[in-house]
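Number 74 in full-length UniProt numbering belongs to position 74 of the sequence shown; there are no gaps in the numbering.
C-beta atoms are modelled at their ideal positions from N, C-alpha and C, and glycine is treated no differently.
Because the structure is a prediction, the values reported are computed rather than measured.
Read through the structure below, which is laid out as structure tokens, and then see the notes.
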Amino acid sequence: MDEIGVMLSMLGSVKILMGKDDPRDYRGTNVKRTTVTAIECISADGRSLLPMIIWPATTHRANWTTYPTPRWHYAYSESEYNDSKISLEWIKQIRDARDT
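Shown next, in the form of structure tokens:
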């Protein structure tokens with residue numbers, strides 16, 4: 001099992017064209033960043049479990065999964081990261097999906 005954080009960036013509408021010697025620093029202007037964590041598990045023989053995508057929030061938001069990937073699992077965490085509660089929920093969801 002492993003986890004990885006993916007940073008999503010939503011650039012503002014500002015575009016800047018400048019020379020390479022311009023002393024002003026425009027990097028990061030109007031950039032909103034959100035980190036999403038994914039946990040996955042792959043065995044040595046190549047079998048894998050469906051991933052769990054963890055959104056940074058205190059409650060679920062419907063627009064996260066407007067076009068969800070079938071059978072992937074989704075969760076939310078105020079800290080943006082995986083914890084034992086989320087991992088246990090992921091395993092339970094995978095077990096329940098397998099049993100149906």
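Pick helix, strand or coil for Thr37, following the three-state DSSP scheme. It is a strand residue.
According to DSSP, simplified to helix, strand and coil, what is Asp2? In this structure, Asp2 counts as strand in the three-state DSSP scheme.
Would you mind working out which of His73, Ile4 and Ser79 sits nearest Ile94, comparing C-alpha positions? The option with the nearest alpha carbon to Ile94 is His73.
Trp90, buried or exposed, once every other Cβ within 10 Å from all chains shown has been counted against 16: Sixteen is the threshold: when 16 or more other Cβ atoms of the shown chains lie within 10 Å of the Cβ of Trp90, as they do, the residue is buried.
Quick one: give me the first and last residue of the alpha helix (DSSP H) that Trp90 is part of. For Trp90, the enclosing alpha helix (DSSP H) covers residues Ser84 to Asp99.
Using CA coordinates, which residue listed in Ala75, Arg71 and Pro70 is at the minimum distance from Arg61? Residue Ala75 is the option with its Cα nearest to Arg61.
Once you ignore the five residues that flank Ile42 on each side, which residues in its own chain have a CB closer than 6 Å to its CB? Its chain contains Ser48 as the residues whose beta carbon lies nearer than 6 Å to that of Ile42, once the 5 sequence neighbours on both sides are disregarded; these appear in chain order.
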